[in-house]
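Shown next, in C-alpha cells, is the structure this report addresses.
There are 2 protein chains.
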Amino acid sequence: MLQLLLSFTCIALGVGMSIVNPGPKFPPTKGEVWPKPQEETKEAAYLTFNPSHFTVKLLGENCTILANAIQRYSYIIKNKSGLHRQRPHERRKRRNGAHRHDENYEGAVEELQIDLTAPCEDYPHFEMNEEYKLNVSTISALSSPSIWGIVRGLETFSQLFYLSDDRNELRVNKTRINDFPQYSHRGLLLDTSRHYISVSNILKTLDAMAYNKMNVFHWHIVDDQSFPYQSERFPELSQQGAYDSSMVYTKEDIQRVIEYARDRGIRVIPEFDVPGHTRSWGNAYPSVLTECYRQDKVVGLGPMDPTKNITYKLLRDLFQEVQTWFPEKYFHIGGDEVELDCWRSNPELREYMDKHNLTVPELHALFMQNAIPLLANDSEVVVWQEVFDERVPLSKDTLIQVWKGSWISEMVTVLTAGHRLIFSSTWYLDALGSNWPDYYWADPRQMVYDVTSNRTLLNGVVGGEACMWGEMVDDRNVQSRVWPRASAVAERLWSANTLGRRSFFDTLPSEVYHRMEEHTCRMIRRGVDAQPPTGPGFCIP
Amino acid sequence: MLQLLLSFTCIALGVGMSIVNPGPKFPPTKGEVWPKPQEETKEAAYLTFNPSHFTVKLLGENCTILANAIQRYSYIIKNKSGLHRQRPHERRKRRNGAHRHDENYEGAVEELQIDLTAPCEDYPHFEMNEEYKLNVSTISALSSPSIWGIVRGLETFSQLFYLSDDRNELRVNKTRINDFPQYSHRGLLLDTSRHYISVSNILKTLDAMAYNKMNVFHWHIVDDQSFPYQSERFPELSQQGAYDSSMVYTKEDIQRVIEYARDRGIRVIPEFDVPGHTRSWGNAYPSVLTECYRQDKVVGLGPMDPTKNITYKLLRDLFQEVQTWFPEKYFHIGGDEVELDCWRSNPELREYMDKHNLTVPELHALFMQNAIPLLANDSEVVVWQEVFDERVPLSKDTLIQVWKGSWISEMVTVLTAGHRLIFSSTWYLDALGSNWPDYYWADPRQMVYDVTSNRTLLNGVVGGEACMWGEMVDDRNVQSRVWPRASAVAERLWSANTLGRRSFFDTLPSEVYHRMEEHTCRMIRRGVDAQPPTGPGFCIP
C-alpha cells in the first residue's frame, strides 16, 4: 500500500528531465471515431457543415426508430460539437469566401442520404446485423440492410465532425467507411442493488453506451443488499427489500429504460441472480431462504432453499412477470457464488441430500435445473460460469459469462463443450486503481486462439461485458467511474484485432491515447460526466 | 495488475460464508460528529427541534462572520438534515404529546446562546484559536474566546441533529462538548493547473472543508500545464498560458474565494511554484525559462533561468500583485522537482556555475535565496521539502511541506534543525486505488515520537495537508475523489491521538466506519458529491 501511494506520488508530480510542452498531455484528435471502424479511408479534402443548409433524405425504409435517430443525431451534430459555444464576435470573423484559397476545401455537406434496405426490426436482439457503409461528401450516403446498422452509422457520422482550429466552423473530411462489429454481444453490467442508481442516470448510461456502440445493458437489478424491482405480483419484495420507498424501479421506469435502449439499438437483459445473492428477497419472504447453522444454532439466512416448492413457485411467478415486462429473449439467472457452506450446515438440507444421494454442488446443479425451466418457453439463458462449472445440463444456446481468474482455460473448456460464452474477467470496473488502458488489452478470441490455434472454437466467443458492480458507486460518481474506462472495452469488442495490443504488457499506440482524448471530451459535450482519460488536459463542454 | 483486478473481483462479489444481513454494510450513526471532538459526554435524554420555535441569542461579541455563520447553520439544520424531504402525510403521524410516555424526551431545543468573549478577528490566520465549548439542552450554550471557535462549534452543533427512526422529527441528545484541534494547520491542496476547476466547484470544496473543520485551502493555482491566474500586471501569462480564455481566475473570482473561505474560518494560501513546474509561464515569457540542451541542441524549455535579472523582476512584480490580492501572510513558493539536468545541460548556466564555483543544487539554493526576499516584508513562506534538503537558508518560521518517501527521517531532520513542518506524504489523494481508511492511519507527531521519544520536537509538527493533484480530476469528478477521503485526514488532524490507529496495518475501530457513513451522507445532503465511503448503502439526499 505504501509503495502504491509512493508510486502514485511520483506519477502525480512527474520526475526526471522529460522535456514536455505545457498544455494537455495528449492533444485530442479531430473527427476520429471511437470505436475505430473496420475500414476507413479519409482524405485531406474537407467539407463544412451549416445546419440551416443540411437535409437528410430517406432512400429506403423508414420507421420510428430511424426518425428518432435522425432527430437525435441532427441535434447532437448541431448543438453538441462545440460550435454553439462561440461568442458572436468570434463567429463573425469568418466571411463568405474565406475558403477560396484553401485547396482542400470542397464546399458544404448538403445532404445525407440514408438507405435502409430492409424493414425495421421491432427490438434489438442477439446477433442482430449492425453493419453499415458510410460515404461522406457533399452528398453523403449511409446504407445498411438493418436499422441497427443505420443507428451505428449515424453515430459514426456524428463523430466525424470537428471544430476548425479557430473554432469558427464545423468540418468533416471526405471519408469512406465500411464498418461492422467483431463481437455481437458488447455489454455493460450495472448493479443497482449495492447502491440505487436513478432512472435518469441509467438513461444517461444508455446514451453513453450508444456513443460507444455498445449493445447490451445487463441490468443486475437486485442482489443481497436491496431489491429495487417493484413487482406488481409481489409488491412486498421491494416494500421490504428496497433501501427506501423512493429507491425502486416501477413498471413504468423499466419500460422507459427499455424503450430508450431500443431506440439506441441496445438490448436490456435483466438479471435476477439465484439462488445466491438473494438476501434482500428474504425481508419479505424469509421462508424461501435457507437457514444457516453454526454449532446447531441458526446464525442467519443464506441462499434460496432448493428443496422447497415455495421457492420455485415464487420464482416462476416473478420470472413470468419480468419476462412480460422485458421483451428481451435472454434472461440472466445468475448462479454465482452460492454459499454452499450454508446449505451444508442446514440439517434439513443435509437430510435431503443424504436421501437423494446428492453432493452440495449437485444440489446447486439441481436448483438450476429446476429454476431454468421456470422461464418462458422461448427464453434463452445467461449464467455465471459456476453454473457450467458445476455441470448443470445447459442448452447449447445458453451463454456462459466467464468472470473468474484462469479465464483462458475456462474459456477453452466452455468452448470445447460446445457452449458459447461472454467474457468479463479482466473488465471489472470496480477495480478503482485501474484506468482505461488496463481494460484495453484483453481480446477474448485472441487469447483462446493463442493457446488452441483453433479458429472454429472462436465462433463461440460472442462478446463480453464491462461490469460496474455497485459497492463503491452511486448516482454521484457512477458516470465518471464507468466512462471512459468502459470505452476501452467497447472498442475492443467492436474493433478487436485491428488494434494490436495482445497482452497487458504491450504498449498501446499513442494514436489511441489521442483519440481517447477526443472521444472523452465528445462524451462530456454530450452530457456524460466522464473522467479525464489519461492526464492533464481540458475539455470545453 | 491482474492480481489487483482479481482481488477486487473477490471484494466485489463477496465470497465465503459470512452471514451478513441485507442492507447497508455499515448502518450510519445518528448525530455523531466528524471529526470527533476531544471531549464529549452524551446522555440518552434527547430534545427535538422545531425551527419555528428556535432562536439564537448573542451574549457576547458580534460581527459579520458570526451573523453569516448563524444564518448558514440555521439553514443547514432546518433544510439539510433530511427532515424537509418528508411527505406531508408522514409528518402528520406525529401528534402533540406523542412523547408523553418517552422518559428520555426532554422537550424542544428552544434557544442557542452564543457567547463570543473577544472581538472578531478579520481573517483566519496561522495558529488561530479554534477551541469552543458546547452544551446542548433546552437552552443550549456555545462559547469561545475566538470567532473561529464559534464557527467550529456551530458546525458541531449542526452535526448533532439526527432524524428519528420514523423520520418524523429532528432530534438531538443532551450533550456536553469541550473541543479544540490537535494540529493547527489542517489543509487541502487543490491543483487547478492540470485541469481547470470552476469557481463554483472551489466554493463547494470550501463548504466541504468547513464540514470537516479543515482550515487551510492550499491553492496550487498554476503549474507546467496551464496558468489560469489572470494577472492584471501581466495579462499575457493567462492569455497565453491558460487552457482557454474561459478557464481563468480573475481578481474578482479570487476575492470571492477568499471571502467565502474567510466566513468559514479557512485560510487561502496561494502557491506559485518556482523555479520548476513553470512551463506555462513560458508561453508568454519564454525568456525567463532555461533552454535545455541535448547534444549541443536546444530540445525545449525547462525551469526558470536563475541567472537572469528578468526572472526575478517578473517574480517580484507578480508576487507583489498576488500578495495584494491574498490577505494570507503565508505564501507557498514551491521549490519541488526542479529539473537540475536541464540547468546542467545549458552552456551559459554551466559557465555561470563554473565562474561562481556552484554545484547545481547550490544553484537551486541560490535561486530560492534570491526569490524568497521578493515577497513582502512580513510574509511567511511555505516550501516543498527539497528546498530544505538543498540547504537553502530559511527563517525558522518557514513551513517545510514533507511529501516524499522516508518521511519519518525527513521529519526528524527538519525538526532537529529547528524548523516547522506540515505533513503530506501519505495523504496524496491522486492514489486512485486508495480509500479513506488508507489515509487514516498516519499521525505525524506520533510517528516522530515513536522514533525519537522527544516531546519537544513535536511542537514543530504544525499539521498537514491532503493533496488533490489534478492530473485525473476535473469539475466532473473532483468532489467524489476528494470526499470523503480527505475527511480521514481532517479527523486525524483535528482529533489525532484519541483515535488509536498507529500503523497502516492496525484495524480501524468499526465505530469510525459507522460514523463515516453518517458523515458522508450528511455531506451529500448538504450538496457535496461525496462517493460512497465503504460499501453497499444508501443516502437520501
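The listed protein sequences correspond, in order, to chains C and B. Once you know that position 377 of the first sequence is 377 in my numbering, the rest is easy, because the numbers rise by one and skip nothing. Just add 1000 to wherever you are in the second sequence, counting from 1, and you've got my numbering. Ideal placement from N, C-alpha and C gives every residue a C-beta, glycine not left out.
Answer with buried or exposed for residue i, where buried requires no fewer than 16 other C-beta atoms within 10 angstroms of its C-beta.
{"i": "B/K1313", "result": "exposed"}
{"i": "B/Y1075", "result": "exposed"}
{"i": "C/K396", "result": "exposed"}
{"i": "B/D1223", "result": "buried"}
{"i": "C/E339", "result": "buried"}
{"i": "B/N1546", "result": "In the structure as shown, chain B begins at 1001 and stops at 1541. Residue 1546 of chain B is therefore absent and cannot be evaluated."}
{"i": "B/A1530", "result": "buried"}
{"i": "C/A376", "result": "exposed"}
{"i": "B/P1270", "result": "buried"}
{"i": "C/T64", "result": "exposed"}
{"i": "B/S1406", "result": "exposed"}
{"i": "B/V1451", "result": "exposed"}
{"i": "C/R522", "result": "buried"}
{"i": "C/N477", "result": "buried"}
{"i": "B/H1101", "result": "exposed"}
{"i": "B/R1233", "result": "exposed"}
{"i": "B/G1418", "result": "exposed"}
{"i": "C/V489", "result": "buried"}
What residue from the options has the CA that sits closest to residue i's CA?
{"i": "B/R1526", "options": "B/A1417, B/I1408, B/T1175, B/T1205", "result": "B/T1205"}
{"i": "C/Y73", "options": "C/I266, C/F157, C/D430", "result": "C/F157"}
{"i": "C/Q159", "options": "C/I408, C/P35, C/Q225", "result": "C/P35"}
{"i": "B/T1507", "options": "B/W1441, B/T1452, B/W1494, B/V1478", "result": "B/W1441"}
{"i": "C/E40", "options": "C/S495, C/E111, C/R344, C/F26", "result": "C/S495"}
{"i": "B/C1545", "options": "B/W1384, B/D1165, B/N1346", "result": "This structure leaves residue 1545 of chain B out entirely; chain B is present only between 1001 and 1541."}
{"i": "B/S1193", "options": "B/R1256, B/I1150, B/C1539, B/H1220", "result": "B/H1220"}
{"i": "C/P444", "options": "C/P37, C/Y183, C/T534", "result": "C/Y183"}
{"i": "B/R1167", "options": "B/Y1249, B/S1081, B/I1147", "result": "B/S1081"}
{"i": "C/T138", "options": "C/L112, C/A118, C/Y162, C/Y132", "result": "C/L112"}
{"i": "B/H1519", "options": "B/T1117, B/A1108, B/P1028", "result": "B/P1028"}
{"i": "C/A261", "options": "C/V322, C/A242, C/E328, C/S434", "result": "C/E328"}
{"i": "C/H195", "options": "C/G241, C/N454, C/T426, C/G433", "result": "C/G241"}
{"i": "C/Q401", "options": "C/G335, C/T456, C/Q71", "result": "C/G335"}
{"i": "C/K251", "options": "C/L189, C/Q323, C/G302, C/D296", "result": "C/Q323"}
{"i": "C/L58", "options": "C/S164, C/D115, C/Q71, C/T426", "result": "C/D115"}
{"i": "C/I254", "options": "C/Y229, C/M247, C/L237", "result": "C/Y229"}
{"i": "C/E155", "options": "C/G107, C/M214, C/R186, C/I197", "result": "C/M214"}
{"i": "B/G1153", "options": "B/T1055, B/L1203, B/D1474, B/V1033", "result": "B/V1033"}
{"i": "C/Y249", "options": "C/H125, C/G463, C/W325", "result": "C/W325"}
Residues of chain B with CB closer than 8 Å to the CB of residue i, please, in chain order.
{"i": "C/F538", "result": "H1195, Y1196, S1226, Y1243, D1244, M1247, D1474"}
{"i": "C/G187", "result": "The premise fails here: C/G187 is roughly 17 Å from chain B at the closest Cβ pair, so nothing lies under 8 Å."}
{"i": "C/D529", "result": "R1476, N1477"}
Name the chain C residues whose beta carbon is nearer than 7 Å to that of residue i?
{"i": "B/G1535", "result": "E471"}
{"i": "B/G1107", "result": "None at all; the shortest Cβ gap to chain C is about 30 Å."}
{"i": "B/G1031", "result": "Per Cβ cutoff of 7 Å: no residues; B/G1031 is ~20 Å from chain C at best."}
In chain C, what lies closer than 9 Å to residue i by C-beta?
{"i": "B/N1532", "result": "The sequence shown places Pro at residue 1532 of chain B, not Asn. Going along chain C in sequence order, the residues near B/P1532 (Cβ under 9 Å) are R194, H195, G470, E471, M472, V473, D474, R476, N477."}
{"i": "B/G1060", "result": "Simply none; closest approach about 40 Å."}
Mind checking who residue i pairs with in its DSSP beta bridge?
{"i": "B/H1514", "result": "According to DSSP, B/H1514 bridges with nothing at all."}
{"i": "B/C1292", "result": "B/G1300"}
What residues of chain C sit near residue i, judged by a beta carbon separation below 8 Å?
{"i": "B/G1082", "result": "Going along chain C, no residue has its Cβ under 8 Å from B/G1082, so there is no contact; the nearest lies around 11 Å."}
Which chain B residues are close to residue i, counting only those with a beta carbon under 9 Å from its beta carbon?
{"i": "C/G418", "result": "In chain order: nothing, as chain B lies at least about 27 Å away."}
Closer than 7 Å, Cβ to Cβ, to anything on chain B: give me those residues from the segment 421-435 of chain C, in chain order.
Contact residues of the segment 421-435 of chain C toward chain B are T426, Y428, D430, A431, L432, G433, S434 (C-beta to C-beta distance below 7 Å).
Between the segment 1458-1487 of chain B and chain C, which residues of the former have CB atoms less than 9 Å from a CB of the latter, in chain order?
Of all residues in the segment 1458-1487 of chain B, only C1467, W1469, G1470, E1471, M1472, V1473, D1474, D1475, R1476, N1477, Q1479, S1480, R1481 come within less than 9 Å of chain C when Cβ atoms are compared, listed by chain position.
For the segment 1126-1152 of chain B, which residues have a beta carbon sitting closer than 9 Å to at least one beta carbon of chain C?
None of the residues of the segment 1126-1152 of chain B has a beta carbon lying less than 9 Å from any beta carbon of chain C.
Chain B contacts from the segment 323-335 of chain C (Cβ-Cβ distance under 8 Å):
Within the segment 323-335 of chain C, no residue qualifies.
Of all the residues that make up the segment 250-278 of chain C, which are near chain B by a beta-carbon distance shorter than 7 Å?
Here the close residues number zero.
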